[in-house]
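*Asks:*
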Ligand code: ADE
Ligand code: ZN
């Protein structure tokens, strides 16, 4: 079996996927048309030409514009279902999905519209595709603490549908410390916490995420390698790092996949996992991320097995669920 075949057939978990980042241009045009809203591009091809990013902010501007065509519960259902079918076709058996409520509530879409659409697709996927899932509600870090608190309060009546809270959007200049009180309140309410840190931001932001936000996982975490004390701490605590190779390449976090830090992270015994981040924008879903990084870094089948095992071990499944899923490999 080639490494590519090995990657495709192995059952895996995905832990870092923004549902709004799985919005394929074809579906975007379809939903824009039925909602009678303008995208600002004349064709799928023209839109795809704009997917040429210099950094995270460049991408975020287009990502928020794309999400603005989502208005109705069915739109959120269709978006989520399309991702789940794709994930199923790539042998993803468990997925932990981010959504950004403020991207929608700030445009006047009700919180319940968003969550009901996503949740209905997740229930259908459990039943029809056998995929299990968790939802992670992200706060947009470029917005205020007040706005995050408002979102946390809005989520309260849907508490049983959301496993964790996270932190995403423009990293530099918006350190985790800005949301220390929001995360403390979220923890008090029983949410697990995670945060994007060390994608473009410094290793200090990873320290803050760990020490102030008490996160169970770091999303990305690439820049931890500049601080050996931090690396030791993350390795000792087995903190999951949800690494996203094709995202890092598209957003110029790395100039070439051959220079990606994944292998060094593995050598340092960090609990790294492979994920797609925003697959509709970065040129590949989870298997393509595994395949391209495996080729660039000459990863072995044993390396792939380690990464896949990490994906379950770093998930928010129970010990029993993890054991069951690790046994089907
Ligand atoms: N939102 C969606 N994708 C993101 C990323 N890679 N970093 C920060 N925020 C995001
Ligand atoms: Zn992300």
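Residue numbers (my numbering): 1 to 329.
Think of the CB as a built atom: it goes at the ideal place given N, C-alpha and C, for glycine as much as any other residue.
Who are the near neighbours of residue 13 in its chain, counting only those whose CB is closer than 6 Å to its CB and skipping five residues on each side?
*Replies:* Only 94, 311, 312 and 315 meet the Cβ criterion.
*Asks:* If I measure Cβ to Cβ from residue 69 and keep anything under 8 Å in the same chain, skipping five residues before and after, which residues do I get?
*Replies:* 28, 31, 32, 35, 37, 39 and 75
*Asks:* Less than 6 Å separating the Cβ of residue 155 from some heavy atom of ligand 1?
*Replies:* no
*Asks:* For a quick check, are the C-beta atoms of residue 142 and residue 177 less than 7 Å apart?
*Replies:* no
*Asks:* Tell me the residue span of the alpha helix (DSSP H) that contains residue 294.
*Replies:* 286 to 297
*Asks:* Express the C-alpha separation of residue 181 and residue 189 in angstroms, rounding to a whole number.
*Replies:* 13 Å
*Asks:* Among 232, 238, 108 and 261, which residue has its Cα nearest to the Cα of residue 309?
*Replies:* In terms of CA proximity to residue 309, 238 leads the group 232, 238, 108 and 261.
*Asks:* Mapping the DSSP letters down to three states, classify residue 283 as helix, strand or coil.
*Replies:* coil
*Asks:* Residue 149: which of 135, 183 and 128 sits nearest, CA to CA?
*Replies:* 183
*Asks:* My assumption, with CB atoms under 8 Å, is that residue 235 sits in contact with residue 192. Please give the rounded CB distance.
*Replies:* Between residue 192 and residue 235 the Cβ distance is about 20 Å, and since that is not below 8 Å, they are no contact.
*Asks:* Taking 6 Å as the limit between beta carbons, can you name the residues of its chain near residue 134, skipping five residues before and five after?
*Replies:* So the list reads 96, 163 and 316, once near-sequence residues are dropped.
*Asks:* Going residue by residue through the segment 108 to 189, where are the continuous beta strand (DSSP E) segments of at least 3 residues, counting only ones entirely within it?
*Replies:* Within the segment 108 to 189, the complete beta strand (DSSP E) runs of at least 3 residues are 132 to 140 and 164 to 168.
*Asks:* With a CB to CB cut of under 7 Å and the five nearest residues on each side skipped, what residues in its chain are close to residue 230?
*Replies:* 203, 206, 207 and 224
*Asks:* Could you spell out where the alpha helix (DSSP H) holding residue 1 opens and where it closes?
*Replies:* Careful: residue 1 lies outside any alpha helix (DSSP H) and carries neither H nor E.
*Asks:* Is residue 78 near residue 138, with beta carbons less than 7 Å apart?
*Replies:* no
*Asks:* Compute the Euclidean distance between the alpha carbons of residue 257 and residue 322, then round it to the nearest angstrom.
*Replies:* 30 Å
*Asks:* Helix, strand or coil, according to DSSP, for residue 10 in the structure here?
*Replies:* coil
*Asks:* Confirm the yes/no value for this check: CB of residue 58, any heavy atom of ligand 1, distance under 6 Å.
*Replies:* no
*Asks:* Regarding residue 18 and ligand 1, is the C-beta to nearest heavy atom distance less than 6 Å?
*Replies:* yes
*Asks:* Starting from residue 96, follow its DSSP beta bridges and name the residues at the other end.
*Replies:* 134
*Asks:* Check whether the segment 5 to 24 touches the segment 258 to 278, counting contact only when three or more Cβ pairs, one atom from each stretch, lie closer than 8 Å.
*Replies:* Short answer: they touch.
*Asks:* Does the segment 107 to 114 come into contact with the segment 55 to 72, if we say contact requires no fewer than three beta-carbon pairs (one atom in each stretch) closer than 8 Å?
*Replies:* The segment 107 to 114, when compared against the segment 55 to 72, does touch it at the 8 Å Cβ threshold.
*Asks:* Can you tell me whether DSSP reads residue 231 as helix, strand or coil?
*Replies:* helix
*Asks:* Using 6 Å as the cut-off, classify the Cβ of residue 277 as near or not near the heavy atoms of ligand 2, replying yes or no.
*Replies:* True, at least one ligand heavy atom lies under 6 Å from that Cβ.
*Asks:* Could you check which residue in 92, 194 and 324 has the C-alpha nearest to that of residue 98?
*Replies:* 194
*Asks:* Using DSSP's beta-bridge definition, name the partner residues of residue 271.
*Replies:* 240
*Asks:* Would the beta-carbon of residue 169 be found less than 6 Å away from any heavy atom of ligand 1?
*Replies:* For ligand 1, at least one heavy atom lies less than 6 Å from the Cβ of residue 169.
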